[in-house]
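And the structure:
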């Protein structure tokens with residue numbers, strides 16, 4: 004299973020064993036498709052060895068428009084869909100039809116060192132300015148005592164995760180990436196303000212310069228080793244950070260909503276993984292049974308407890324066992340319900356590349372001309388969007 | 480029809496070549512022609528409803544107005560120039576050393592080849608860890624245990640570019656060394672002996688005997704390295720993904736993103752064709768230079 008750096012060795016193995024035990028005569032439909040570029044090539048060539056595939060939350064429009072994902076309207080009826088979080092169902096819908104079943108939901112969260120915030124008398128920060136002040140105080144205090152620590156760690160490498168992180172800053176400043184009519188808003192003052200903040204106050208300041216090369220594993224590693232006060236990451240990081248064997252900060256981790264800018268609101272980027280069926284599969288019935296199994300309440304609960312993956316079935320957020328292992332799910336359910344999707348378009352990869360390029364250029368160069376780069380990026384984004392119309 | 484011996488031998492020769500010829504046609508010629516074909520169309524995988532419109536040279540015109548593509552071409556040419564220069568110089572030094580007689584020379588020669596033998600993707604991962612800003616050995620070598628002084632090499636546009644060059648030079652200098660060593664071994668010892676008797680210094684022997692006589696080998700090494708460097712991909716894909724801020728975005732990687740990540744097969748093929756044409760032109764230029772030199776040497 005691919006995705007932004009999550010390891011799912013244990014639950015995946017145990018899930019496979021259970022499936023085989025349940026239906027021992029079923030033909031083998033379990034296949035690991037690792038990443039987007041490989042999967043799209045197989046589907047483009049109408050390959051018969053893909054039956055079920057994972058889709059990142061941003062792929063359904065692309066896979067639907069390209070004719071790779073099978074329409075599931077007939078077999079995934081509205082009563083069934085009601086059991087899932089509405090935003091995840093929306094992410095799988097394209098032009099009124101549904102193309103995938105949501106398995107996990109992800110949203111950006113703020114992780115912090117409970118022990119350090121307590122020691123210095125802080126409550127979790129509400130605004131980015133507060134976070135900066137808290138980070139500076141804690142870091143200087145801890146460094147004096149001889150501990151190596153930075154204020155903030157997140158994902159700022161030039162890849163898809165960069166778009167997720169930057170979008171959270173922009174949205175929390177009342178900015179937007181694209182509006183409902185396909186007009187790009189990243190050259191607006193609110194968006195530029197947020198990006199400037201990241202460049203001038205975060206990169207190389209409370210976060211090390213190295214975050215420009217971090218994806219999820221690197222930023223999580225740093226936090227788990229006890230070298231960061233705050234971290235922005237996905238829900239899966241909870242179980243890793245509290246793993247007594249691997250993490251130095253197990254039990255000292257707090258979770259909160261991401262901060263916002265003054266006058267704005269906290270926003271998290273919507274992430275998550277869904278399951279789709281290949282239009283060229285020769286085992287469509289078995290594929291659907293497998294998907295039903297994998298997205299069933301029992302399996303989602305298993306994933307939640309063992310790997311900290313946030314389920315997409317609404318009922319599980321009231322389940323006692325799930326809450327026991329993931330107490331933050333209760334508080335964060337709000338965040339999951341309001342997580343904000345990235346622009347939904349069959350050409351999202353092109354849009355994303357423009358955004359990745361723009362963000363990376365601007366935040367890695369303290370002298371960058373944000374306004375003109377933003378205008379350039381806007382033109383390119385609108386060119387891509389016009390292709391779809 | 481009775482064929483003469485010569486004609487029969489020729490016919491037999493042609494038949495023997497057919498398997499190789501088919502191989503080259505299927506695996507080399509066909510993909511190249513197909514790429515040309517694709518580059519004249521507009522193909523967007525995510526929007527199959529738009530079909531595969533024939534657009535003539537529009538993709539090429541777009542390519543020359545694409546500032547990212549132009550920037551990546553600049554990156555590629557800069558990479559080719561610096562890395563090839565370093566590899567030839569380092570390869571020459573290595574070849575001169577392993578050409579000498581000393582105990583354990585066989586083991587050293589084998590060791591020199593190890594970087595070349597490691598698959599590029601594996602070597603790239605290794606270098607990615609070595610350059611890591613928290614636990615990388617390069618930082619350890621420079622700064623020891625002073626973790627706060629560690630630099631994030633791959634997060635800085637300039638140093639990321641240097642890191643790619645460094646990793647490539649490490650990997651392929653031994654290849655250049657091998658080619659140059661072959662050239663060194665054709666130089667007759669008597670020339671050096673005669674020069675020594677005439678009182679020539681080591682440096683004079685090097686510049687007046689060695690260098691001129693290995694020029695063909697140098698040019699061949701240069702040819703191979705230039706051709707390979709123009710198509711660099713693995714190192715960029717694993718170590719930096721073209722970043723930060725497109726500083727390590729090279730043509731081949733940009734073409735990959737266009738074709739596979741964005742599904743723009745027409746435009747991406749244009750980039751591939753462009754890389755192919757540049758490589759072809761430079762190679763023809765080198766071969767003409769080498770060819771005339773080789774003929775010069777023989778007469």
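Residue numbers (our numbering), protein chains in the order written: chain A, 4 to 392; chain B, 480 to 778. Quick reminder that beta carbons are idealized off the backbone N, C-alpha and C, glycines included.
For residue i and residue j, what's the separation of their Cα atoms in angstroms?
i	j	result
residue 126 of chain A	residue 338 of chain A	19 Å
residue 655 of chain B	residue 38 of chain A	36 Å
residue 249 of chain A	residue 242 of chain A	10 Å
residue 192 of chain A	residue 156 of chain A	26 Å
residue 315 of chain A	residue 102 of chain A	16 Å
residue 825 of chain B	residue 647 of chain B	As shown, chain B starts at 480 and ends at 778. That puts residue 825 of chain B outside it, with no answer to give.
residue 528 of chain B	residue 349 of chain A	12 Å
residue 675 of chain B	residue 734 of chain B	54 Å
residue 604 of chain B	residue 212 of chain A	21 Å
residue 636 of chain B	residue 110 of chain A	30 Å
residue 176 of chain A	residue 274 of chain A	20 Å
residue 256 of chain A	residue 224 of chain A	14 Å
residue 117 of chain A	residue 347 of chain A	36 Å
residue 204 of chain A	residue 537 of chain B	43 Å
residue 668 of chain B	residue 492 of chain B	39 Å
residue 572 of chain B	residue 555 of chain B	25 Å
residue 119 of chain A	residue 137 of chain A	10 Å
residue 375 of chain A	residue 384 of chain A	14 Å
Rounded to the nearest angstrom, how far is the Cβ of residue i from that of residue j, given a contact under 8 Å?
i	j	result
residue 145 of chain A	residue 152 of chain A	5 Å
residue 353 of chain A	residue 387 of chain A	5 Å
residue 92 of chain A	residue 84 of chain A	5 Å
residue 271 of chain A	residue 342 of chain A	5 Å
residue 452 of chain B	residue 748 of chain B	In the structure displayed, chain B extends from 480 to 778; residue 452 of chain B sits before or after that span and is not available.
residue 705 of chain B	residue 639 of chain B	Not quite, the Cβ-Cβ distance comes to about 22 Å (not below 8 Å), so this is no contact.
residue 290 of chain A	residue 55 of chain A	5 Å
Taking 8 Å as the CB-CB limit, is residue i close to chain B?
i	result
residue 175 of chain A	no
residue 105 of chain A	no
residue 39 of chain A	yes
residue 368 of chain A	yes
residue 162 of chain A	yes
residue 352 of chain A	yes
residue 349 of chain A	yes
residue 386 of chain A	no
residue 154 of chain A	no
residue 203 of chain A	no
residue 48 of chain A	no
residue 157 of chain A	no
Please list the terminal residues of the continuous alpha helix (DSSP H) segment that includes residue i.
i	result
residue 632 of chain B	First-last for residue 632 of chain B: undefined, no H or E at that position.
residue 277 of chain A	No alpha helix (DSSP H) holds residue 277 of chain A; the beta strand (DSSP E) holding it covers 273 to 280.
residue 586 of chain B	584 to 596
residue 489 of chain B	484 to 503
residue 705 of chain B	690 to 709
The beta strand (DSSP E) with residue i in it runs from where to where?
i	result
residue 58 of chain A	55 to 59
residue 740 of chain B	Premise fails: residue 740 of chain B is in no beta strand (DSSP E) and is neither H nor E.
residue 232 of chain A	231 to 236
residue 116 of chain A	112 to 116
residue 153 of chain A	153 to 156
residue 256 of chain A	256 to 259
At the 8 Å Cβ level, is residue i part of the contact set with chain A, yes or no?
i	result
residue 515 of chain B	no
residue 720 of chain B	yes
residue 714 of chain B	no
residue 707 of chain B	no
residue 740 of chain B	yes
residue 613 of chain B	yes
residue 725 of chain B	yes
residue 547 of chain B	yes
residue 805 of chain B	Shown here, chain B extends from 480 to 778; a query on residue 805 of chain B therefore has no answer.
residue 698 of chain B	no
residue 510 of chain B	no
residue 750 of chain B	no
residue 525 of chain B	yes
residue 646 of chain B	no
At least three beta-carbon pairs within less than 8 Å, the stretch 551 to 568 of chain B to the stretch 700 to 713 of chain B: Look at the beta carbons and you see the stretch 551 to 568 of chain B touching the stretch 700 to 713 of chain B: at least three pairs across the two are nearer than 8 Å.
Does the stretch 679 to 693 of chain B come within contact of the stretch 589 to 609 of chain B, defined as at least 3 CB pairs closer than 8 Å? No: fewer than three Cβ pairs fall under 8 Å.
Would you be able to state if there are at least three C-beta pairs under 8 Å between the stretch 290 to 304 of chain A and the stretch 274 to 281 of chain A? Because the criterion of three Cβ pairs below 8 Å is met, the stretch 274 to 281 of chain A and the stretch 290 to 304 of chain A touch.
Should the stretch 157 to 175 of chain A be regarded as contacting the stretch 215 to 231 of chain A, the criterion being three or more beta carbon pairs within less than 8 Å? Enough Cβ pairs lie closer than 8 Å, so yes.
Stretch-stretch touch, CB-based, cutoff 8 Å, three pairs: the stretch 723 to 737 of chain B with the stretch 706 to 713 of chain B: Because the criterion of three Cβ pairs below 8 Å is met, the stretch 723 to 737 of chain B and the stretch 706 to 713 of chain B touch.
Using a Cβ distance threshold of 8 Å, determine whether the stretch 172 to 184 of chain A contacts the stretch 364 to 380 of chain A, with at least three qualifying pairs required. The stretch 172 to 184 of chain A, when compared against the stretch 364 to 380 of chain A, does not touch it at the 8 Å Cβ threshold.
Answer yes if the stretch 736 to 756 of chain B comes into contact with the stretch 500 to 518 of chain B, meaning at least three C-beta pairs across the two stretches below 8 Å, and no otherwise. The answer is yes - the stretch 736 to 756 of chain B touches the stretch 500 to 518 of chain B, with three or more Cβ pairs under 8 Å.
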